[in-house]
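Everything below concerns the one structure shown next.
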Amino acid sequence: MSEVAHKETHGFQTEVKQLLQLMIHSLYSNKEIFLRELVSNASDAADKLRFQALSDNALFENDGDLKVRVSVDKEANTITISDNGIGMTRDQVIEHLGTIAKSGTKEFFSNLTGDQAKDSKLIGQFGVGFYSAFIVADAVTVKTRAAGEDADRGVEWYSKGDGEFTIGDIEKAGRGTDVILHLKEEEKEFLDDWKVRSIITRYSDHIGIPVEMWKEGTPESEGPEGEKIPATEGQWEAINKGTALWTRDKSDISDEEYEEFYKSIAHDFEEPVKWVHNKVEGKTEYTSLLYIPKRAPFDLWNREVKSGIKLYVQRVFIMDDAEKFMPTYLRFVKGLVDSNDLPLNVSREILQDNKITQSIRSGNVKRVLQMLTRMGENSPEEYAAFWKEFGNVLKEGPAEDFANKDKIAKLFRFSSTHTDSAEQNVSLDDYIGRMKEGQDKIYYITADTFEAAKSSPHLEAFRKKGIEVLLMAERVDEWMMSHLTEYNEKQFQHVAKANIDLSELDDEETKKAHEETEKAFESFIERAKTALGDKVKDVKVSHRLTESPAVITTDEHDMNTQMAKLLEAAGQAVPETKYIFEVNPEHALVKRVADEADEALFKEWLEVLLDQATLAERGSLKNPAEYVSKLNKLLLQLGG
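What follows is the structure, given as structure tokens:
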């Protein structure tokens, strides 16, 4: 191999510098995962070559025996992970080893705490890949050549992980990549052949190609009866099973093997919460292995993020972002699909409208929803942890997957007035089981925060009558409810709508009292409509209030406040909503205003009450200074 030529020095992307420093100082308790990551990368390189060679067999360069080799050199203090996979060009080396091309990077760094143990878990959520080499190495050399390129088109990359790397041209006879780790003085334990073998067996036994290490030969020796035992030559020896884990029978796979396989394909430090492994035979034949992670990745809210599903066809890797096999609202699911029915030269275009693809996708969704349903029924604490991580993404389901809307809704958890706790642990089935006799709707409220929802004036009558209301305070909730109109034959009803009618739950005496009150306040209502004019859509007597003087509501078909705020935040033009102004005739302040003979003061008091109701509903006013000035003026008059 020739000397390095055309050498250049480049600076790492800023995020890479930060990640390197964090890994060097934070992953003290997970050092051995570097070997899992590098062996996994080497296996991926072999998978990619096998796929590309389907259309260009010359890429094999007369060597179709794909493998990963791990070797240690005690004198040089190095450990090397080599593969004869796809390899990299000079541009690819700069792209892949100098930057982190992953969304969520900013959020990742903003969540770091400075606590090594906590940051270690965060790094595991983010994924480390190649950079894990610097956990045990104070320098790393990468020698690579892309399959199909001439021997003199090899590339050498070198870095000490200190902010920059050098790259140059070399001659490399064989295709593929060698990653050479120059170990730190305190990491010499990884030069122990037995230790390296045990780590590979533990983490990489599932790799579908041989992972080999050198086995020393033995000299000629003498047997117990004096016979000569001939010498043996050293040879490369496969130390993993070399069969794809998902092709094995479920009964032969331990939980630990399932967990280590997940960590390898998801680049996650933590074990998955649940998994489901299915082999489907019949009209469509395929195997799926699907996992639910314990933690949400930092790019979870990026709906454009690549899917976590890998696609294999007849055990040949095809792609690692097979989004057609899992809907967007289940983008947190990791795993793989291996189909016997799709063609080996499958393309994204074929995947878009293929009936086989649709069948596999439908089966995957069914299994994930069943897995989550069982978790919710049998392991409520475990499910509560899952919901905290992924619940808001699952809420995208009713809009995206109409066919499974009820199954998805069954998985939802909410806060409610039943406990007044911010914990989201109330299912729709729980709610229906507690419905009052005669109640035919599922009542809910949306707000900016849990506190705002819990203290909304709209809840006063519901609390008085003992009717439970779901409290929704996530940004996605209002949008979700526009697609979720009913569950288990029960209609959803927003409590801020003007068409709320709880009179069916009242006794005759209460109904009669309400009628008398409305009749007594007819003149007040007419004065109020005149005074407020087009500031409101209508003025009504309210029987939904017990403590507040007034509240604003919207017509059944008008846009809710939260939906309007959601669209405004997205930069969309929103037509102005005219609210219905409802007053509480039993409130002392309303009675005081009703007795006001001065029409100018009557109007100012009504405007203050309207502004208060608007503030309670929207959380803000268009002109707060005007409201404060008007309120102060009226307070001074009361004091005089």
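Residue numbers for the sequence shown follow full-length UniProt numbering, beginning at 1 and rising by one. C-beta atoms are modelled at their ideal positions from N, C-alpha and C, and glycine is treated no differently.
Residue i and residue j closer than 8 angstroms at C-beta
i: M375; j: F386; result: yes
i: Y262; j: Y291; result: yes
i: Y443; j: V495; result: yes
i: V93; j: V68; result: no
i: L606; j: A498; result: no
i: V551; j: H458; result: yes
i: L532; j: F581; result: yes
i: S264; j: S204; result: yes
i: T328; j: V179; result: no
i: H267; j: G154; result: no
i: residue 711; j: L369; result: The requested residue 711 does not occur in the structure, where the chain is confined to residues 1 to 640.
i: L183; j: L191; result: yes
i: E604; j: K630; result: yes
i: T449; j: Q562; result: no
i: A403; j: L484; result: no
i: V365; j: D193; result: no
i: S456; j: A616; result: yes
i: E220; j: A231; result: yes
i: R544; j: A600; result: no
i: R367; j: S288; result: yes
i: E61; j: R175; result: yes
i: V280; j: K294; result: no
Length of the line joining the Cα atoms of residue i and residue j
i: D440; j: K310; result: 45 angstroms
i: S421; j: E156; result: 59 angstroms
i: A453; j: H206; result: 50 angstroms
i: R197; j: E227; result: 32 angstroms
i: K283; j: G363; result: 13 angstroms
i: D595; j: F521; result: 11 angstroms
i: L245; j: I239; result: 15 angstroms
i: A133; j: V70; result: 14 angstroms
i: E586; j: V469; result: 24 angstroms
i: W301; j: Y579; result: 33 angstroms
i: D558; j: T577; result: 7 angstroms
i: M213; j: Q424; result: 51 angstroms
i: K31; j: E37; result: 11 angstroms
i: P549; j: E518; result: 15 angstroms
i: G335; j: L97; result: 25 angstroms
i: L635; j: R475; result: 37 angstroms
i: I356; j: L342; result: 7 angstroms
i: Y28; j: I135; result: Bear in mind that the predicted position of Y28 carries a pLDDT of just 48, short of 50, making it unreliable; the figure below should be weighed with that in mind. Using only the alpha carbons, I get a separation of about 8 angstroms.
i: F524; j: T419; result: 38 angstroms
i: N77; j: D401; result: 55 angstroms
i: L372; j: D320; result: 24 angstroms
i: E257; j: K143; result: 31 angstroms
i: A513; j: Q493; result: 26 angstroms
i: L589; j: L638; result: 12 angstroms
Residue i: first and last residue of the uninterrupted beta strand (DSSP E) it sits in
i: W479; result: Counting along the chain, W479 falls outside any beta strand (DSSP E), though it belongs to the alpha helix (DSSP H) covering R475 to M481.
i: A45; result: Careful: A45 lies outside any beta strand (DSSP E), inside the alpha helix (DSSP H) at I33 to Q52.
i: K540; result: D538 to V541
i: R145; result: A137 to R145
i: T417; result: It is not in any beta strand (DSSP E) - T417 carries neither H nor E in the DSSP assignment.
i: K497; result: No beta strand (DSSP E) contains K497, which DSSP labels as neither H nor E.
i: residue 660; result: The first residue shown for the chain is 1 and the last is 640, placing residue 660 beyond what the model contains.
i: K195; result: Unbroken run through K195 is the alpha helix (DSSP H), D193 to S204; no beta strand (DSSP E).
i: G87; result: Element bounds for G87: n/a, residue is neither H nor E.
i: I180; result: G176 to L183
i: A399; result: No beta strand (DSSP E) holds A399; the alpha helix (DSSP H) holding it covers G397 to E400.
i: R69; result: V68 to D73
i: G154; result: G154 to S159
i: I445; result: K441 to T446
i: G208; result: Run containing G208: none; DSSP gives neither H nor E here.
i: L470; result: L470 to M472
Residue i: first and last residue of the uninterrupted alpha helix (DSSP H) it sits in
i: Y131; result: No alpha helix (DSSP H) contains Y131, which DSSP labels as neither H nor E.
i: H514; result: E508 to A520
i: K465; result: E460 to K465
i: F450; result: F450 to K454
i: A409; result: K405 to K410
i: L428; result: L428 to G433
Short CB-CB distance (under 8 angstroms) between residue i and chain C
i: D555; result: Chain labels in this structure do not include chain C; a single protein chain is all it has.
The ligand NAP heavy atom lying under 7 angstroms from the CB of residue i
i: G174; result: Among the ligands in the structure shown, none appear at all, so the ligand NAP cannot be discussed.
Ranges of the beta strand (DSSP E) found wholly within the stretch 558 to 617, counting only runs of at least 3: Taken in chain order, the whole beta strand (DSSP E) runs of length 3 or more contained in the stretch 558 to 617 are 580 to 583.
Runs of alpha helix (DSSP H) wholly within the stretch 221 to 308 (minimum 4 residues, chain order): Listed in chain order, the alpha helix (DSSP H) runs fully inside the stretch 221 to 308 are 255 to 266, counting runs of at least 4 residues.
Start-end ranges of the beta strand (DSSP E) lying completely within the stretch 304 to 385, minimum 3 residues: Listed in chain order, the beta strand (DSSP E) runs fully inside the stretch 304 to 385 are 309 to 313, 316 to 319 and 334 to 339, counting runs of at least 3 residues.
The stretch 44 to 56 touching the stretch 79 to 86, judged by at least three CB pairs closer than 8 angstroms: By the C-beta criterion, the stretch 44 to 56 is judged to be in contact with the stretch 79 to 86, since at least 3 inter-stretch pairs fall below 8 angstroms.
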